[in-house]
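Per the numbering used here: the sequence shown ends with 121, consecutive numbering throughout. Quick reminder that beta carbons are idealized off the backbone N, C-alpha and C, glycines included. Keep in mind that this is a model prediction, so the values were computed, not measured. Below is one structure, written out as structure tokens; comments come after it.
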Amino acid sequence: MKSTHYLTAGAKENPHGVDVKMMYNDPSAQAVMISLQPGQSLKPHTTAVDVFFFVFEGSASVHIGDETETFGPGSLVESPKDIVHYLSNESDSISRILVVKAPRP
Numbered sequence: 017m018k019s020t021h022y023l024t025a026g027a028k029e030n031p032h033g034v035d036v037k038m039m040y041n042d043p044s045a046q047a048v049m050i051s052l053q054p055g056q057s058l059k060p061h062t063t064a065v066d067v068f069f070f071v072f073e074g075s076a077s078v079h080i081g082d083e084t085e086t087f088g089p090g091s092l093v094e095s096p097k098d099i100v101h102y103l104s105n106e107s108d109s110i111s112r113i114l115v116v117k118a119p120r121p
């Protein structure tokens, strides 16, 4: 058995300048925990594989194509490959989102 806790997981370098922790990394899938401080956001980007976002803590605005919606804890949002997307935290508290890419890009 192997376990990983987001508070002690290794940091993952990223072009967005935000806190990203590697939770799972296997050819079949990749999972990272993104922590966004109030006012922080990812840069708009695309991925070559489907992605899903699970809001773990706080609220997160999910921008996919021309759609934007804010989700609270316990929400899962699917984002198809090759569509511009990004996450933002427009609240006044931290937001943590588990991001899963399958298969790993």
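Under 8 Å between C-beta atoms of residue i and residue j
| i | j | result |
| --- | --- | --- |
| Ser75 | Gly90 | no |
| Val65 | Lys97 | yes |
| Leu78 | Val100 | Here residue 78 turns out to be Val, not Leu, going by the sequence shown. Taking 8 Å as the Cβ cut-off, Val78 and Val100 do not qualify as a contacting pair. |
| Gly48 | Lys28 | Going by the sequence as given, residue 48 is Val instead of Gly. It is a contact, given that the beta carbons lie within the stated cut-off. |
Host beta strand (DSSP E) of residue i (start-end)
| i | result |
| --- | --- |
| Ile80 | Ala76 to Ile80 |
| Met5 | Nothing can be reported for residue 5, as the shown portion of the chain is limited to 17 through 121. |
| Leu23 | Premise fails: Leu23 is in no beta strand (DSSP E) and is neither H nor E. |
| Glu94 | Leu92 to Ser95 |
| Ile50 | Ala45 to Leu52 |
| Ile113 | Ser111 to Lys117 |
| His101 | His101 to Ser104 |
Residue i: CB within 7 Å of a non-hydrogen atom of the ligand GDP
| i | result |
| --- | --- |
| Gly90 | Absent from the structure shown: the ligand GDP. Ligands present: none. |
Whole-Å CB distance - residue i paired with residue j, under 8 Å assumed
| i | j | result |
| --- | --- | --- |
| Val116 | Val67 | 7 Å |
| Ser44 | Pro119 | 6 Å |
| Ser95 | Ile113 | That belief does not hold up - the Cβ atoms of Ser95 and Ile113 are roughly 12 Å apart, past 8 Å. |
| Thr20 | Met39 | 5 Å |
| Leu103 | Phe69 | 7 Å |
Cβ shell of residue i (< 7 Å), same chain only, five flanking positions each side left out
| i | result |
| --- | --- |
| Gln53 | Asn105 and Ile110 |
8 Å Cβ shell around residue i - same chain, five flanking residues per side excluded
| i | result |
| --- | --- |
| Glu73 | Pro89, Ile110, Ser111 and Arg112 |
| Asn30 | Val36 |
| Gly26 | Lys37 and Met38 |
| Gly122 | This structure cannot settle anything about residue 122, because the visible part of the chain is limited to 17 through 121. |
Cut-off 6 Å between Cβ atoms - residues of its own chain near residue i, not counting five sequence neighbours on either side
| i | result |
| --- | --- |
| His32 | Leu58 and Lys59 |
| Thr86 | Ser75 and Ser77 |
| Gln46 | Lys117 and Arg120 |
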